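I have placed the structure first, in the form of structure tokens, so that the comments after it can refer back to it.
In my numbering, the protein residues as written are 178 to 419.
This is the structure we're talking about:
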């Protein structure tokens, strides 16, 4: 059960240096549209079961080329919506740096509640719940090797990654998620594994599901074979994957 967390491509708000939040009309700029096209090639080898996205235009535009190439209808998930920054929405970042709340956002984000908006702790709760619920549903429908894409926003994705890493939300500012970057999380019965974090160009063929090994049912096959590691186990010394 593997989710590819895709941040939307570069937007007009990114280049303007403003905090877009849930502002209307924020769309991808020229580079952002190019990034969206490149996502198609990056994910070409992966058998995707679903594309889920935030309701906002910049996420809609980011997944549009991928959805067309795969003939998949993106599912809109409100819980992947951008943070409600309240009164901070639309303001220049340079003007927000001097606000007292800025230091809280940087050093103690779990306590940060935006004036007239929502708290980052609440963002993490809704986003993580959405990702885990969708992941479980798709696994039930398509099998445990299911691969799917969730397109959302920087702080939302960072909060999901902090949860997957077992890290407190107060550490999530250490995570960098650039526009159009890909982070990969595989959920198992007992823990998530973070395979990629803010990746902008790496090969993704390792995530192509492999056919299950055939069970030897021939006469004389040993019935007491040595136990094997479960998918939830981490290999001591590091992964042996190539």
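Ideal Cβ positions, reconstructed from N, Cα and C, are used throughout, including at glycine. All figures in this text were calculated on a predicted structure; none of them were measured in a lab.
- Between residue 185 and residue 235, the gap from beta carbon to beta carbon is short of 8 Å.
- Just measuring C-alpha positions, the residue of 211, 187, 216 and 213 sitting nearest residue 203 is 187.
- Under DSSP, the beta-bridge partners assigned to residue 228 are 326.
- The DSSP assignment places 324-329 as complete runs of the beta strand (DSSP E) inside the stretch 294-355, in order along the chain (cut-off: 3 residues).
- In terms of CA proximity to residue 308, 227 leads the group 215, 227 and 220.
- Under the DSSP assignment, residue 369 falls in the beta strand (DSSP E) whose first and last residues are 369-376.
- Annotation: the stretch 203-262 contains the following complete segments of the alpha helix (DSSP H) (minimum length 4 residues), in chain order: 207-219 and 234-247.
- In the structure shown, residue 266 adopts coil according to DSSP, grouped into three states.
- By the neighbour-count criterion, in which a residue is buried when 16 or more other Cβ atoms sit within 10 angstroms of its Cβ, residue 230 is buried.
- Around residue 312, the same chain offers 178, 180 and 364 as residues with beta carbons nearer than 7 Å, after the five sequence neighbours per side are excluded.
- According to the DSSP secondary-structure assignment, residue 360 is paired through a beta bridge with 182.
- Where residue 193 is concerned, the enclosing alpha helix (DSSP H) starts and stops at 189-193.
- Excluding the 5 residues flanking it on each side, residue 335 has same chain C-beta neighbours closer than 6 Å at 349, 352 and 354, in chain order.
- For residue 290, the three-state secondary structure derived from DSSP is strand.
- For residue 284, the enclosing alpha helix (DSSP H) begins and ends at 277-284.
- Collapsing the DSSP output to three states places residue 272 in a helix.
- Judged by their CB atoms, residue 347 and residue 285 are nearer to each other than the 8 Å cut-off.
- In the displayed model, residue 382 falls within a helix according to three-state DSSP.
- Shortest Cα-Cα distance from residue 341 to any of 276, 367 and 197 involves 367.
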